[in-house]
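These protein sequence lines map, in sequence, to chains A and B.
Residue numbers for the first sequence follow the numbering used here, beginning at 3 and rising by one.
Residue numbers for the second sequence follow the numbering used here, beginning at 25 and rising by one.
All C-beta atoms in this analysis are idealised placements derived from N, C-alpha and C, irrespective of residue type, glycine included.
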Amino acid sequence: MALKQPPSQTGPGDATVPAGPPGNVIAPAPPPAPREYAGVSPAPGVLRNIVLTAFLLYCLLPATWIIVAMTKDNGQLFSTFGLWFASPPHFLENLAGLVTYQNGIFVRWFGNSLVYALSISLGSTLICAMGGYAFSKYDFPAKGFLFNFILGTIMVPSTALVLPLFLMLNKIGLVNTMWGVILPSLVNPFGLYLMKVFWDSSFPNDLMEAARLEGAGEGQIFWRIGLPLMQTGLVTVALLCFVGAWNNFFLPLIVLSQDSLYPLTLGLNVWNSVSSAAGGKPVYNFIALGSMVSVLPLLIAFIVLGRYWRGGLTAGATKG
Amino acid sequence: MRQHRKTALLFLAPFLTVFVAFYLAPVCYAIYLSLFIRRRVGIGPAKEVFGGLANYFRAVQDADFLNGLKNMFMFGVVQVPIMLGLAVALALLLDQSRGLFMKVCRTVFFMPYGIPTAIGALIWGYLYSPNLSPFNQILSALHRGTIDFLSPALVLFSIANIVTWTWTGYNMITLFAALQNIPKELYEAARVDGATQWDIVRSIKIPLLMPTLKLLFIFSVIGTSQLFTEAFVLRPLGYVADNITPNLYLYLTAARDANYSYAGALAVLLALLIFVISGPFLRRIGSQ
């Protein structure tokens, strides 16, 4: 049975929750608006709000620090209280410094991250959509075994993969190139799984048969009829790939040695290593502002496409 | 239908190509490499020679590797239950009522998951760092001395805190979704029978959460076994031992010591260990 399901069709996580009683179908309609359940509450309102607020502050603590830190210069970071603003503010100087420091390499990193994330998410989504289509709509030998085998590899730890991958890439000359980061990231077993489930539910087999009777070719059916029906699935998988690629750290760390090819995550950590090393020029103010900037695209994606994002993430639980 | 079989293969070809080239091949290569050992033959530099399972025998006796595994075991029995317990509690609280505050909580709790691990760990690193930490600024303002969160004694807890911060909300959202899927008629029926809210939580909600919880537990254990970025990012800021997690040790064995064959053996062992631990769980959940 399926461990995960795309939540846009059904509720997320319900793959693991027993279905309601069969009587559901004929049961009288539930009350129209969800209401608070009265009765003896296990956690009275006040206590509940205290707990929730405490956790809210905990979640927001790093964000608070970073928002304060990005308005300070390096001296103020060490000499003033970390969770409150200092005067004079240095936000604009930090911004100017961030984009010009070391010949504006930060801007380059930002661009690199965009290139990596966009190409990986587009490529991987297309590959997974095609593969998922094959598993959903066709029969071929060893289909079940192959599908389970591919899914099983989700458990292989990334380190087990990346180190030998580095040696292989080294032999074929892809180390220290953008392709060395992009090509291995196209492999996304979980994306394939999600796509298969989306194809199962979004593209009825009857429609496919009807198109065949009309004389449409197999490729035509996929591109012209199938893909347009898959909007939710495509956006979900593309978004998950984008976030995974944007956040990727380990693969670039191993594959890249030339700093002009770094993505943001790696670049900022190199600045941190240099700042913390003896004799290194501390640029913690740039790192703080840079961290904020590196999170912005994700925040925007989160706000604009939150529905897909939360859906896709709760559908699966492995980390990219 | 034969013709369709060929079409299926065409659709599958791009995925299979990258899968074989960048997934299967490296795994096989790691296994192959792990069978070699470096040995000095006569005069001259060390050479890679076939060593059978020598690397594996070395690995199971390697104190550094075992120390990493021990730390991960501690994570599994301390951090994972705390995180999941917190997630269950928060999901139950959020399930109790509606409103704007609840919606804000849900969104904000979930947000740390969206922050790149390398960036989240970096920010926490500054919150821990002796010279920058606002906690220590408060403590010294109160004349209570300072705490070095990145000292050898505390660093594992500091990493555990970063992981908890990142993942609690994610787990909470999944549990919350599962709670939302429980048919409300069950609550109505229980209330008719005179059940209190506590009874409902204890005998309906928690039991129905168990399958989701088990799945989250096993995914958390897999995540724990792969812990790397947090430890790696904190290294320049404090005293993070090379052997604090198996993955960091494995990385250093390869990247710093250039001992790829031994690193390969460690990687294979780690993957096997994860399979052994999580396989039975997943099969049981899968068969339900």
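Burial is judged here by how many other beta carbons sit within 10 angstroms of a residue's own beta carbon; G182 (chain A) has at least 16 and is buried. Ranking B:I183, B:K94 and B:D119 by CA distance to the CA of N51 (chain A) puts B:D119 first. Using a C-beta cut-off of 8 Å, the segment 263-281 of chain A makes no contact with the segment 34-45 of chain B, since fewer than three inter-stretch Cβ pairs fall below that distance.
No Cβ of chain B is located within less than 8 Å of the beta carbon of C243 (chain A).
The beta carbon of P46 (chain A) sits no closer than 8 Å to any beta carbon of chain B. If you ignore the 5 residues before and after A247 (chain A), its C-beta comes within less than 7 Å of the C-beta of Y118, A119, I122, S123 and S187, all in its own chain and listed in chain order. As the crow flies, the alpha-carbon of F256 (chain B) is around 21 Å from that of L291 (chain A). Using a CB distance below 9 Å, the part of the segment 139-161 of chain A facing chain B consists of K139, Y140, D141, F142, P143, K145, L148, I152, G154, T155, I156, M157, V158, P159, S160 and T161, ordered along the chain.
Between the segment 102-109 of chain B and the segment 266-275 of chain B, the count of C-beta pairs closer than 8 Å stays below three; the two stretches do not touch. Beta-bridge partners of I61 (chain B) (DSSP): B:V73.
Within the segment 34-59 of chain B, those residues whose Cβ lies closer than 7 Å to any Cβ of chain A are, in chain order, F35, L36, P38, F39, V42, F43, F46, Y47, A49, P50, V51, Y53, A54 and L57. For N283 (chain B), no chain A residue has a C-beta closer than 8 Å to its own C-beta; the minimum C-beta separation is roughly 11 Å. Residue range F93 to K139 is occupied by the alpha helix (DSSP H) that includes Y135 (chain A). Separation of F244 (chain A) and I68 (chain A) (C-alpha to C-alpha, rounded to the nearest whole angstrom) is 24 Å.
Counting only the Cα atoms, K127 (chain B) lies some 16 Å from A113 (chain B).
Taking the Cβ atoms as the reference, F252 (chain A) lies roughly 6 Å from S160 (chain A), within the contact range of under 8 Å. Exclusion of the five residues before and after S138 (chain A) leaves K198, W201 and D202 as the residues of its chain whose Cβ lies within less than 7 Å of its Cβ. Among the residues facing chain B, M232 (chain A) is not included, as its CB has no counterpart in that chain under 8 Å away. Taking a Cβ-Cβ threshold of 7 Å, the residues of chain B close to N249 (chain A) are P140 and T141, in chain order.
At least 8 Å separates the CB of T238 (chain A) from every CB of chain B.
Counting only runs that start and end inside the segment 247-281 of chain B, the alpha helix (DSSP H) elements of at least 4 residues fall at 253-258 and 270-279. Per DSSP, E211 (chain A) is one residue of the alpha helix (DSSP H) stretching across N207 to L215. A56 (chain A) is outside the set of residues whose beta carbon lies under 8 Å from a beta carbon in chain B. Contact between L117 (chain B) and L54 (chain A) holds: CB atoms are separated by about 6 Å, below the 8 Å threshold.
The beta-carbon distance between M170 (chain A) and A278 (chain B), rounded to whole angstroms, is 13 Å. This is too long to meet the 8 Å contact definition.
For L108 (chain B), the number of other beta carbons within 10 angstroms of its own is at least 16, and it is reported as buried.
If you check each beta-carbon in the segment 164-187 of chain A against every beta-carbon of chain B, the ones closer than 7 Å belong to L165, P166, L167, L169, M170, L185 and P186. Between F288 (chain A) and Y103 (chain A) the beta-carbon gap is near 6 Å, inside 8 Å, which marks them as a contact. At a beta-carbon threshold of 8 Å, none of the residues of chain A lie near P304 (chain B); the nearest stands roughly 13 Å away. With a cut-off of 8 Å on Cβ pairs, the segment 156-172 of chain B is not in contact with the segment 77-84 of chain B, counting fewer than three such pairs. Assignment of N195 (chain B) by DSSP, reduced to helix, strand and coil, places it in the helix class. Taking all protein chains in view, the Cβ of Y286 (chain B) is crowded by 16 or more other Cβ atoms within 10 Å, so the residue is classified as buried.
Residue nearest to A142 (chain B) within the set B:R29, B:F252 and B:E72 is B:F252 (criterion: CA-CA distance). Straight-line spacing of the CA atoms in S275 (chain A) and D208 (chain A) works out to 59 Å. Between I186 (chain B) and G144 (chain B) a beta carbon distance of about 7 Å is seen, short of the 8 Å cut, so the two are scored as contacting.
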